[in-house]
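As they're listed, the protein sequences go chains E and H. All letters in the first sequence, in the order written, are residues 9 to 105 by the numbering used here. All letters in the second sequence, in the order written, are residues 9 to 105 by the numbering used here. For glycine and all other residues, C-beta sits at the position ideal for the given N, C-alpha and C. Nothing here was measured: the structure is a model prediction, and the numbers come from that model. This report concerns only the one structure given below.
Protein chains: 2
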Amino acid sequence: MTIGQRIRQLREESGMKQRELAAKLDIGEGFLSKVENDQKLLKRDDLKKLSELFNVAHSDLETLWLANKVYDLIKDENQGLDALKVAEEQAKYSKGK
Amino acid sequence: MTIGQRIRQLREESGMKQRELAAKLDIGEGFLSKVENDQKLLKRDDLKKLSELFNVAHSDLETLWLANKVYDLIKDENQGLDALKVAEEQAKYSKGK
DNA sequence: TTACCTTTGACCAAATTTGGACAAGTATAG
DNA sequence: CTATACTTGTCCAAATTTGGTCAAAGGTAA
Chain E
9 MTIGQRIRQL REESGMKQRE LAAKLDIGEG FLSKVENDQK LLKRDDLKKL SELFNVAHSD
69 LETLWLANKV YDLIKDENQG LDALKVAEEQ AKYSKGK
Chain H
9 MTIGQRIRQL REESGMKQRE LAAKLDIGEG FLSKVENDQK LLKRDDLKKL SELFNVAHSD
69 LETLWLANKV YDLIKDENQG LDALKVAEEQ AKYSKGK
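In structure tokens, the structure reads:
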């Protein structure tokens, strides 16, 4: 699940229209639409608002948000998956420092 | 292994000094030093030069180069590893489209 | 039709990143 | 001490990304 999918899910579960949520986030509905379709990313600060609004863990939203950035980096790459593996190794390794 | 480590390895195996390789890449030695220490990234085009110069697979260098970008994105993040996993799922999923 | 949602494309200023240069500092060998 | 090799901090213009807006277009239900 992507961050956009998750946001749409939360919004729909709570019965809101895009326009309503957009207003709470202080953005236009067009922009929110793009966010839900993963064509744009919300800024990080807005994740806090979302977690409070929908009462979900902030860290979960951050994970999805970050994942989106990572995926964006590799989505059109041939070596994308390999690169992910390498990065993972580096992350694991440097954690034990 | 990071892209910087790999470049240093290739350079040393071929007995070059930083200054020499830097000249071939048309950059300063200071910049190359940072590249080898993963403080700066070479631009992508230079990978081609490297692969020809050292006769190694271009795709391998690209994988390491990309991995560096990915790692940069998550290295200071608490949810970094989780995000990597999520991104991996997305990559695998969308490959079968 | 009309009304209401959502999507999409074009555009943009502002913020950030990139890809370096340059000089000074460090390390080591002779 | 000197030379050679490498590292590091500061700075920067140019390129790219971010975070949007707005208007037009698409669906869809009544």
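Distance between residue j and residue i (C-alpha atoms, nearest Å)
| i | j | result |
| --- | --- | --- |
| residue 18 of chain H | residue 26 of chain H | 11 Å |
| residue 20 of chain H | residue 94 of chain H | 37 Å |
| residue 99 of chain E | residue 52 of chain E | 22 Å |
| residue 54 of chain H | residue 32 of chain H | 10 Å |
| residue 30 of chain E | residue 40 of chain E | 6 Å |
| residue 24 of chain H | residue 57 of chain H | 15 Å |
| residue 42 of chain E | residue 90 of chain E | 29 Å |
| residue 8 of chain H | residue 97 of chain H | Here chain H covers residues 9 to 105 and nothing more, so residue 8 of chain H does not appear. |
| residue 4 of chain E | residue 35 of chain H | Residue 4 of chain E is absent from the structure shown; chain E starts at 9 and stops at 105. |
| residue 22 of chain E | residue 62 of chain E | 8 Å |
| residue 101 of chain E | residue 28 of chain H | 32 Å |
Spatially closest choice to residue i from the options, by CA coordinates
| i | options | result |
| --- | --- | --- |
| residue 92 of chain E | E:42, E:78 and E:101 | E:78 |
| residue 67 of chain H | E:45, E:73 and E:87 | E:87 |
| residue 37 of chain E | E:56, E:22, E:55 and E:16 | E:16 |
| residue 70 of chain E | H:60, H:102 and H:82 | H:82 |
| residue 84 of chain H | E:103, E:72, E:47 and E:80 | E:103 |
| residue 73 of chain H | H:44, H:24 and H:23 | H:44 |
| residue 9 of chain H | H:96, H:101 and H:46 | H:46 |
| residue 49 of chain E | E:14, E:97 and E:96 | E:14 |
Environment of residue i [buried if 16+ CB atoms lie within 10 Å]
| i | result |
| --- | --- |
| residue 76 of chain H | buried |
| residue 64 of chain H | exposed |
| residue 12 of chain H | buried |
| residue 60 of chain E | exposed |
Contained beta strand (DSSP E) runs [length at least 3] in the stretch 21-94 of chain E, N- to C-terminal order: none
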